[in-house]
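Before any comments, here is the structure.
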DNA sequence: TAGTCGTGGAA
DNA sequence: TTTCCAAGACT
């Protein structure tokens with residue numbers, strides 16, 4: 007009984023100490039309201055989508071570009087999907103961009119352009135899952151919500167020396183996080199925990215000496231912070247190979263490209279003609295030139311190859327290049343695109359790497 | 001529920 | 001160089 011009361015007090019101390027730390031170390035971020043300033047739900051939503059599995063430093067320039075191009079959610083909804091994908095190019099996880107666009111249109115058509123505040127409504131929106139719904143609820147509207155991302159999971163696992171390995175243990179850690187929720191300053195608390203996780207309670211070399219809750223942290227007491235959270239060993243990703251063909255038009259230097267299927271990986275983004283992916287190294291495509299735009303051309307193999315690592319496989323790309331007078335572009339999906347227009351088109355990093363070699 | 005979805009920074 | 005993994009969602 008006495009111990010339970012003690013635990014309860016420690017949980018209050020935890021939130022207070024984290025919030026005090028936040029007040030002293032508060033970062034200025036483009037989407038973050040200043041103290042005593044009201045946050046912009048559009049900015050909070052947009053940033054939360056961009057920040058999914060993506061670092062703050064990577065997101066900032068994209069966020070600034072998006073809010074300059076589309077200052078309100080109505081303007082974002084009015085844009086074309088291709089313009090959204092073009093602006094998103096390089097950020098990865100392109101279904102986020104397509105869902106972002108769909109979500110903006112739903113908010114305009116079903117919610118009169120006003121982002122809903124309840125978790126129940128938020129979670130129905132495209133691209134908004136459990137985490138993001140709670141994050142918007144807390145950060146944009148200062149409502150109580152259990153906002154648990156990878157940072158919070160790590161902080162909580164260390165606080166309680168949580169032994170169940172992730173990802174199986176993630177459900178239990180969310181219940182733990184709920185125990186620590188304060189009764190006020192919901193927006194600040196959510197952001198303070200994530201900042202603490204990304205700045206102090208880091209995955210490697212955690213700065214326990216600088217941590218405001220080091221005396222409450224069980225992992226720190228054992229000097230074992232870095233060993234939490236425990237994780238199941240990861241599976242290795244396979245290596246695949248691909249051959250890509252960079253065909254240049256002599257008259258203006260335009261390159262033959264086409265849009266990938268919207269439901270495929272890199273959906274809606276541009277690529278050059280290529281052999282299929284997912285072909286294991288032990289079983290290469292027998293006749294790569296069957297996939298060339300014109301296998302009668304003089305294809306020159308580039309010395310450099312491209313290696314690109316996706317989430318669940320790696321790709322080694324052999325590149326051939328050729329020039330022509332103006333071959334017919336085949337089906338309507340194909341397009342000749344001039345290099346000076348590359349930054350106006352949705353070109354993912356893989357394609358950019360291939361073009362950089364193929365246009366040498 | 002486990003696999004599918006990018007990319008780049010850090011150690 | 002390799003490995004990890006980040007303010008996850010969707011199926």
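Residue numbers (this note's numbering): 7 to 366. Using N, Cα and C, we set each Cβ at its ideal position, and we do this for glycine too. Note that the coordinates shown come from a computational prediction; the quantities given were computed from them, not determined experimentally.
- Task: Report, in whole angstroms, the separation of the C-beta atoms of residue 155 and residue 200, which I expect to be a contact under 8 Å.
- Result: 6 Å
- Item | For residue 251: DSSP bridge partner residues | 326
- Query: Should the stretch 209-223 be regarded as contacting the stretch 171-186, the criterion being three or more beta carbon pairs within less than 8 Å?
  - Reply: no
- Roughly how many angstroms lie between the CA atoms of residue 170 and residue 236, to the nearest whole one? 7 Å
- For residue 135 versus residue 106, is the C-beta distance shorter than 8 Å? no
- Item | Pairwise C-alpha distance: residue 261 and residue 126 | 47 Å
- DSSP beta-bridge partners for residue 306? 327
- Beta-carbon contacts of residue 268 that lie in its chain and below 8 Å, excluding the five residues immediately before and after: 104 and 274
- Just tell me which of 328, 190, 297 and 92 has its CA closest to the CA of residue 355. 92
- Task: For the stretch 134-204, list the alpha helix (DSSP H) runs that are entirely contained and at least 4 residues long, ordered along the chain.
- Result: 136-145, 156-165 and 176-185
- Item | Residues bridged to residue 341 [DSSP beta-bridge criterion] | 263
- Query: Do you know how far the Cα of residue 308 is from the Cα of residue 28?
  - Reply: 52 Å
- Under the rule that 16 or more other beta-carbon atoms within 10 Å means buried, what is residue 20, buried or exposed? buried
- Query: Rounded to the nearest angstrom, how far is the Cβ of residue 55 from that of residue 102, given a contact under 8 Å?
  - Reply: 6 Å
- Taking all protein chains shown into account, do 16 or more other C-beta atoms lie within 10 angstroms of the C-beta of residue 120, making it buried, or fewer, making it exposed? exposed
- Alpha-carbon spacing of residue 366 relative to residue 303, whole angstroms: 18 Å
- Per DSSP, residue 313 forms a beta bridge with which residues? 322
- Three-state class that DSSP yields for residue 25 in the structure shown: helix
- Query: For the candidate residues 276, 259 and 295, whose alpha-carbon lies nearest to that of residue 359?
  - Reply: 276
- Do three or more CB pairs link the stretch 22-37 to the stretch 185-201 at distances below 8 Å? yes
- Close-in-space but distant-in-sequence residues of the same chain around residue 264 (CB under 6 Å, 5 per side omitted): 339 and 340
- Would the stretch 43-60 and the stretch 68-75 be scored as touching if the rule is three or more Cβ pairs under 8 Å? yes
- Per DSSP, cross-strand counterpart(s) of residue 277: 264
- Three-state secondary structure (DSSP) of residue 49: helix
- C-beta atoms of residue 53 and residue 193 nearer than 8 Å: no
- Message: If I measure Cβ to Cβ from residue 352 and keep anything under 7 Å in the same chain, skipping five residues before and after, which residues do I get?
- Response: 88, 91, 92, 95, 274, 275 and 276
- Item | Reduced DSSP secondary structure (H/G/I, E/B, other) of residue 42 | coil
- Message: Which same chain residues end up closer than 8 Å to residue 62 when comparing Cβ atoms and leaving out the 5 residues on each side of it in sequence?
- Response: 35 and 204
- Task: For residue 8, count neighbouring C-beta atoms within 10 Å of its own C-beta (all shown protein chains included) and say buried if the count is 16 or more, exposed if not.
- Result: With a pLDDT of 43 at residue 8, under the threshold of 50, the modelled position of this residue cannot be trusted; read the value that follows with caution. Result: exposed.
- Query: Using DSSP with H/G/I as helix, E/B as strand and the rest coil, what is residue 269?
  - Reply: coil
- Around the Cβ of residue 221, are there at least 16 other Cβ atoms within 10 angstroms (buried) or fewer (exposed)? exposed
- Looking at the unbroken alpha helix (DSSP H) that takes in residue 387, where does it start and where does it end? Outside the shown range of the chain, which is 7 to 366, sits residue 387, and nothing can be said about it.
- Would you kindly work out how many angstroms separate the C-alpha atoms of residue 288 and residue 244, rounded to a whole number? Annotation note: pLDDT 45 at residue 288 (below 50); position unreliable, coordinate value reported separately. Computed Cα separation, rounded: 11 Å.
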